[in-house]
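One structure below.
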Amino acid sequence: MAAVERNRRIALAKLFGSKDLPLPRGITSVCSAHPLVVEAVLRRAAREDQAVLLEATCNQVNQEGGYTGMTPADFRHFVERIAVTAGFPVDRIILGGDHLGPNPWRKLPADEAMARAEAMIVAYAEAGFEKLHLDTSMGCAGEPAGLSDALTAERAARLARAAEDATRRVGRKPPVYVIGTEVPPPGGATQVLEELEITRPEAVLETLAVHRSAFVAAGVEPALARVIGIVVQPGVEFGNANVALYKPDRAQSLVSALDAMPGLLFEAHSTDYQPAGELSALVDGGFGILKVGPGLTFALREALYGLDAIRREIAGQAASRGLPAVLEEVMLASPGHWSGHYSGTATEQRLQRHFSYSDRIRYYWLDRQVSNAVDRLFAELPGRIPETLISQYLSRLYPKVVAGHVAPNARDLCLAAIDAALAPYRIATARR
19 MAAVERNRRI
29 ALAKLFGSKD
39 LPLPRGITSV
49 CSAHPLVVEA
59 VLRRAAREDQ
69 AVLLEATCNQ
79 VNQEGGYTGM
89 TPADFRHFVE
99 RIAVTAGFPV
109 DRIILGGDHL
119 GPNPWRKLPA
129 DEAMARAEAM
139 IVAYAEAGFE
149 KLHLDTSMGC
159 AGEPAGLSDA
169 LTAERAARLA
179 RAAEDATRRV
189 GRKPPVYVIG
199 TEVPPPGGAT
209 QVLEELEITR
219 PEAVLETLAV
229 HRSAFVAAGV
239 EPALARVIGI
249 VVQPGVEFGN
259 ANVALYKPDR
269 AQSLVSALDA
279 MPGLLFEAHS
289 TDYQPAGELS
299 ALVDGGFGIL
309 KVGPGLTFAL
319 REALYGLDAI
329 RREIAGQAAS
339 RGLPAVLEEV
349 MLASPGHWSG
359 HYSGTATEQR
369 LQRHFSYSDR
379 IRYYWLDRQV
389 SNAVDRLFAE
399 LPGRIPETLI
409 SQYLSRLYPK
419 VVAGHVAPNA
429 RDLCLAAIDA
439 ALAPYRIATA
449 RR
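As structure tokens, this is what we get:
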């Protein structure tokens, strides 16, 4: 394991760059565009005097706006505005781009989809994103769903060349890269999870070899020194109703592949809902970057629904229509973000819309009707919510409230709920 630890430190040092901070064992990569999630992450990092890694995905943020309506430059400004509010130094924020490739345009012919993917990665590079995950594994119109390793690597190298050219043109520091695509589907699986197939070590070594060849052929050989990690499947995933926990003994062969990859770490996707012990074991196994997203907005939704129940208790007969009802109406009117992910009876689909681990409800928080409903909820709650009602409806937060660590108001309770979901990651990644 000495080689694994050495590799992890080398890779993290490249990710941290010139930031004058002690290196942690690993780092949490937060993939969310919800302002309360970003604020909670920054406030925790400020308390702990740490850097943060915040990532945007290709569907969420791109040169055409993505589903958030934000370009990469917009996302940077969005994060930095929150950082000022949270009192967090912007120079300690590492921005990353996740699954950068043709996925948002995969229904188009490959030439057009890749041209748009190039424009996207240029926008990320020009906006100063320091970590770029190259994911060109998906087939476009007329192609098979999954592409060969050689073609995937060729397209990834093409995107790396575009990013390298863009950073040089605008005078930005060149980014670090993560390669590899053997990951759970974005947002988690839709089926009940059984035992997952773990990436074979020979497949990892082949991924690295074909990408090295492709980068050289594309004329971006210097970028190879800034490839810090590979995405693999360690047996970690979540579905709508259950979570596949990490089992270190099943991943021993995969972890051993790091011995033949000096200076590289593994990046683990879909680590949401893993307990602290499993997250720590992932870091021990060379997974120096732990990605999380839906698990944080899941915790936020729990807090908001608990607050809505408290509001109804306080208002009694005079209570207005609640937040869950507004979300149900909006999700039924615009089913694009969930209809292909939830199945079963009408009742089963309704429960999944609100309570699924895959948390497709997260796509609706920025909808105007929903954000207005959240604002009304906060306005209708008292500035000091009774502790007894917090005990009843937000019991996980109750001990911190009575101890005086969390103020009993709606906003602070939401931030505390997100922070509680982040806590296992701190345990796993902190220096020992």
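Residue numbers 19 to 450, in the numbering used here, belong to the letters of the sequence shown in order.
Where is the CB? At the ideal position from N, CA and C, for every residue including glycine.
The structure presented is a predicted model; accordingly, all values stated were derived computationally and were not measured.
Residue burial classification, arginine 450 (beta-carbon count within 10 angstroms, cutoff 16): Here residue 450 corresponds to residue number 432 of the sequence shown, with the count starting at 1. Label assigned to arginine 450: exposed.
Can you tell me where the alpha helix (DSSP H) with lysine 534 in it begins and where it stops? Lying before the first or after the last residue shown, residue 534 is absent from the chain, which here runs from 19 to 450.
On the three-state DSSP scale, how would you describe methionine 279? For the purposes of this step, residue 279 is identified with residue 261 of the sequence shown, where counting begins at 1. Assignment of methionine 279 by DSSP, reduced to helix, strand and coil, places it in the coil class.
Compute the distance between the beta-carbons of valine 310 and threonine 89, then report whether it is under 8 Å. The residue you call residue 310 lines up with position 292 of the sequence shown. The residue you call residue 89 lines up with position 71 of the sequence shown. Against a cut-off of 8 Å, the Cβ pair of threonine 89 and valine 310 comes out as no contact.
Name the residue from Ala259, Val222, Leu118 whose alpha carbon lies nearest to the alpha carbon of alanine 174. In the sequence shown, the residue the question calls residue 174 occupies position 156. When each option's Cα is compared against that of alanine 174, the closest is Leu118.
Does DSSP put leucine 452 in a helix, a strand or coil? Any question about residue 452 goes unanswered here, given that the chain covers just 19 to 450.
Using the three-state DSSP reduction, which class does alanine 91 fall into: helix, strand or coil? For the purposes of this step, residue 91 is identified with residue 73 of the sequence shown, where counting begins at 1. Helix, per DSSP.
Can you tell me which residues form a DSSP beta bridge with valine 245? Residue 245 sits at position 227 when you count from the first residue of the sequence shown. Paired residues: Tyr195.
What's the C-alpha gap between alanine 178 and leucine 152? Locating residue 178 in the sequence shown gives position 160, counting from the first residue. Locating residue 152 in the sequence shown gives position 134, counting from the first residue. The straight-line gap from Cα to Cα measures roughly 8 Å.
Residue range of the beta strand (DSSP E) that isoleucine 139 falls in? By one-based count along the sequence shown, residue 139 stands at place 121. Careful: isoleucine 139 lies outside any beta strand (DSSP E), inside the alpha helix (DSSP H) at 128–144.
Mind checking which residues open and close the beta strand (DSSP E) that includes histidine 117? Counting from 1 along the sequence shown, the entry for residue 117 is found at position 99. Here the beta strand (DSSP E) through histidine 117 covers 111–118.
Assuming contact is defined by CB atoms lying nearer than 8 Å, are lysine 125 and alanine 74 in contact in what I supplied? Position 107 of the sequence shown, counted from the first residue, corresponds to residue 125. Position 56 of the sequence shown, counted from the first residue, corresponds to residue 74. Contact: no.
Straight-line gap, arginine 394 to histidine 229 (C-alpha atoms, nearest Å): Walking along the sequence shown from the start, residue 394 turns up at place 376. Walking along the sequence shown from the start, residue 229 turns up at place 211. Spanning the two alpha carbons is a distance of roughly 51 Å.
Since lysine 418 is in the alpha helix (DSSP H), which residue starts that stretch and which ends it? On the sequence shown, residue 418 is found 400 positions in, with the first residue counted as 1. Lysine 418: member of the alpha helix (DSSP H) spanning 416–420, first to last residue.
Over the uninterrupted beta strand (DSSP E) stretch that includes histidine 151, give me the two end residues. One-based indexing of the sequence shown puts residue 151 at position 133. Residues 149–152.
Check this for me: beta carbons of alanine 294 and isoleucine 445, under 8 Å apart or not? Here residue 294 is taken as the residue at index 276 of the sequence shown, counted from 1. Here residue 445 is taken as the residue at index 427 of the sequence shown, counted from 1. Result yes, Cβ atoms of alanine 294 and isoleucine 445 sit closer than 8 Å.
With H, G and I counted as helix, E and B as strand and the rest as coil, what does DSSP make of glutamate 285? Working through the sequence shown from its first residue, we reach residue 285 at position 267. DSSP places glutamate 285 in strand when its eight states are reduced to three.
Close-in-space but distant-in-sequence residues of the same chain around proline 204 (CB under 8 Å, 5 per side omitted): Residue numbering aside, residue 204 sits at position 186 when the sequence shown is read from its first letter. Because proline 204 sits at a pLDDT of 45, beneath the cut-off of 50, its placement in the model cannot be relied upon, and the following sentence gives the value as read from the coordinates. Hits under 8 Å: Thr75, Asn77, His117.
Considering only their Cβ atoms, is the gap separating threonine 315 from aspartate 377 smaller than 8 Å? Indexing the sequence shown from 1 puts residue 377 at position 359. Indexing the sequence shown from 1 puts residue 315 at position 297. Contact: yes.
So is glutamine 270 buried or exposed if we call it buried at 16+ other beta carbons inside 10 Å? On the sequence shown, position 252 is the one that residue 270 refers to. Label assigned to glutamine 270: exposed.
Given this structure, state the Cα-to-Cα distance separating glutamine 68 from alanine 243, to the nearest angstrom. Along the sequence shown, one-based indexing puts residue 68 at 50. Along the sequence shown, one-based indexing puts residue 243 at 225. So the alpha carbons of these two residues sit roughly 25 Å apart.
Ignore the nearest five residues each way along the sequence and tell me which others in arginine 186's own chain have a CB closer than 8 Å to its CB. Translated into positions along the sequence shown, residue 186 becomes position 168. Counting only Cβ-Cβ distances below 8 Å, and skipping sequence neighbours, we find Pro192.
Assumed close pair arginine 13, alanine 448 - CB separation to whole angstroms, cut-off 8 Å: Beyond the ends of the chain as shown, which are 19 and 450, falls residue 13; an answer cannot be given.
For a quick check, are the C-beta atoms of alanine 435 and leucine 318 less than 8 Å apart? The sequence position of residue 435 within the sequence shown is 417, counting from 1. The sequence position of residue 318 within the sequence shown is 300, counting from 1. The Cβ atoms of alanine 435 and leucine 318 lie closer than 8 Å to each other.
Taking buried to mean at least 16 other C-beta atoms within 10 Å of its own C-beta, is alanine 286 buried or exposed? As a first step, residue 286 must be located in the sequence shown, where it is residue number 268. So alanine 286 counts as buried.
Look up alanine 305 in the DSSP assignment and say whether it is helix, strand or coil. Indexing the sequence shown from 1 puts residue 305 at position 287. A small fix is needed here, since residue 305 is phenylalanine in this sequence, not alanine. The answer is strand: DSSP assigns phenylalanine 305 an E or B state.
Whole angstroms are fine: how far does the CA of aspartate 326 sit from the CA of threonine 217? Locating residue 217 in the sequence shown gives position 199, where the first residue counts as 1. Locating residue 326 in the sequence shown gives position 308, where the first residue counts as 1. In a straight line, the C-alpha of threonine 217 is about 43 Å away from that of aspartate 326.
Alanine 262, DSSP secondary structure in three states: Start at 1 with the first residue of the sequence shown, and residue 262 comes out as number 244. Reduced to three states, the DSSP call for alanine 262 is strand.
Going by alpha carbons, who is nearest to glycine 84 out of Pro312, Val102, Ala51, Arg99? Sequence index remark: in the sequence shown, residue 84 carries index 66 (1-based). Minimum Cα-Cα distance from glycine 84 among the listed residues Pro312, Val102, Ala51, Arg99 corresponds to Ala51.
Helix, strand or coil for tyrosine 375, going by three-state DSSP, please let me know. Reading the sequence shown from its first residue, position 357 is the one you call residue 375. Coil at tyrosine 375, not helix or strand.
Only counting the same chain, and skipping five residues up and downstream in sequence, which positions put a Cβ closer than 7 Å to that of proline 40? For this step, residue 40 is matched to residue 22 along the sequence shown. Around proline 40: Arg449.
Counting only beta-carbon atoms, is leucine 72 nearer than 8 Å to chain B? In the displayed structure, chain B is absent; only one protein chain is listed.
Might you give, ordered along the chain, the residues of its own chain that have their beta carbon closer than 7 Å to the beta carbon of glycine 105, omitting 5 neighbours on each side? For this step, residue 105 is matched to residue 87 along the sequence shown. Only residues of its own chain outside the window of five on either side were considered, and among them Ala64 have a CB closer than 7 Å to the CB of glycine 105, listed in chain order.
Scan the stretch 393–442 and note each continuous alpha helix (DSSP H) run of 4 residues or more that stays entirely inside, going in chain order. Look at the stretch 393–442 and you find these whole runs of alpha helix (DSSP H), each 4 residues long or longer: 405–411, 416–420.
Buried or exposed, going by whether 16 or more other CB atoms sit within 10 Å of the CB of proline 162? Taking the sequence shown and counting its residues from 1, the one referred to as residue 162 is at position 144. So proline 162 ends up on the exposed side.
Which of the three DSSP states, helix, strand or coil, is assigned to alanine 446? Along the sequence shown, read from residue 1 onward, the residue named residue 446 stands at position 428. Residue state, collapsed to three classes: helix.
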